[in-house]
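One structure is given here, and the rest of the page talks about it.
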């Protein structure tokens, strides 16, 4: 075989290899979990999100960049397994130090922006997350961050982070933000804070008990006051009615007295005696004898005693 033929076969082989390479680079496939963008001489033309077989101009005229559609997670902040010097600490609004663990779920929604708007979109996301979390924690007090304010902090971080990422336009969308844990930097601080929290809760408990006791005593006093007022009102009405009854009886008696003075006077004397005598001990003295007759009218019998016995009887009754 001559040299000319050898060069000919080499040329044919290189041409075949080139044709095969060009043929292979004119088609590509996109999976269900992928999205792609076609670059023409390095410039993005359109994004491909439909799965299946697609065709393009051969390389190097056009090339394809594939990216995932899945949701990614960025873990920022405090992790239990990290060394203390690697943990992210931040300062609260009341100048306290704490650590927070934040998980950001994100996905690529604009492949062109993800490829060309930033050199490192994930680093931009990390920095934006750090800025958002530190900004919200820096405006919150430590009690809020460690107790009931976690949900509010999470919502504020989400809103701030979404706003920052939208303004950067790096092809990323924030799906969710979860504040996993907020804790103090070391055991000594945690122990001291726990003591402070327990003391504050105990104080609040005592205050609640005192307020409960105060309310109870106030209600009892108000109830007693109402009862006294009601009794006084009842006594007032009773005395008024008694006074009116006495006035009515006196007026009736006055009319009878004016009509029949003697009869009325005798009747009053008799009624007075009827009221007084049943409770009185009556002694009837006989001055001309040696004996004393004692007549207890309320017992209905009579006894005869010697003078000495009568004196002793009087002393005993007194």
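In the working numbering, the protein residues as written are 79 to 396.
Glycine is no exception: its CB is placed at the ideal position from the N, C-alpha and C atoms.
Since the structure is predicted, the reported quantities are computational estimates derived from the model, not experimental observations.
Beta-carbon proximity list for residue 271, same chain, < 7 Å, skipping 5 on both sides: Hits under 7 Å: 262.
Could you check what DSSP says for residue 185 in three-state terms: helix, strand or coil? Strand at residue 185.
Span separating the alpha-carbon of residue 375 from that of residue 314: Caution applies to residue 375, whose pLDDT of 48 falls short of 50 and renders its modelled position unreliable; the value that the coordinates give is listed next. Going from the Cα of residue 375 to the Cα of residue 314 covers about 40 Å.
Spell out a yes or no on whether the segment 236-247 and the segment 218-227 are touching, meaning 3 or more CB-CB pairs, one atom from each, closer than 8 Å. Taking 8 Å as the limit for Cβ pairs, the verdict is that the segment 218-227 does not touch the segment 236-247.
Could you check whether residue 140 and residue 118 sit closer than 8 Å to each other, using their CB atoms as the reference points? Taking 8 Å as the Cβ cut-off, residue 118 and residue 140 qualify as a contacting pair.
Tell me whether residue 375 sits in a helix, a strand or coil according to DSSP, three-state version. With a pLDDT of 48 at residue 375, under the threshold of 50, the predicted position of this residue should be treated as unreliable, though the coordinate-derived value follows. In the three-state DSSP reduction, residue 375 falls in the coil class, being neither helix nor strand.
Just verifying my parser: in three-state terms, what is the DSSP assignment at residue 206? Looking at residue 206 - three-state DSSP - the assignment turns out to be helix.
State the DSSP-derived secondary structure class of residue 114, mapped to helix, strand or coil. Strand at residue 114.
If contacts are defined as beta-carbon pairs under 8 Å, then residue 201 and residue 253 qualify, I think. What distance do you get, rounded to the angstrom? Between residue 253 and residue 201 the Cβ distance is about 19 Å, and since that is not below 8 Å, they are no contact.
Here's the rule: buried if 16 or more other CB atoms are within 10 angstroms of the residue's CB, otherwise exposed. What is residue 343? The residue in question, residue 343, is exposed, as its Cβ has fewer than 16 Cβ neighbours within 10 Å.
Counting along the chain, where does the beta strand (DSSP E) carrying residue 259 start and finish? Boundaries of the beta strand (DSSP E) harbouring residue 259: 250-261, taken from the DSSP string.
Beta-carbon contacts of residue 334 that lie in its chain and below 6 Å, excluding the five residues immediately before and after: Closer than 6 Å at Cβ, skipping near neighbours: 342.
Sort 214, 171, 356, 198 by Cα distance to residue 180 and report the nearest one. The shortest C-alpha separation from residue 180 is found at 214.
Among the residues of its own chain, which have a CB less than 7 Å from the CB of residue 94, if the five just before and after it don't count? Within the same chain, no Cβ atom closer than 7 Å to the Cβ of residue 94 is found once the five residues on either side in sequence are excluded.
Which stretch, first to last residue, makes up the beta strand (DSSP E) that contains residue 104? First-last for residue 104: undefined, no H or E at that position.
I believe residue 144 touches residue 114 by the beta-carbon criterion, under 8 Å. Please report the beta-carbon distance rounded to the nearest angstrom. So it is a contact: roughly 5 Å between Cβ atoms.
Exposure label - residue 111; buried when at least 16 CB within 10 Å: Counting Cβ neighbours within 10 Å, residue 111 comes out exposed, since fewer than 16 surround it.
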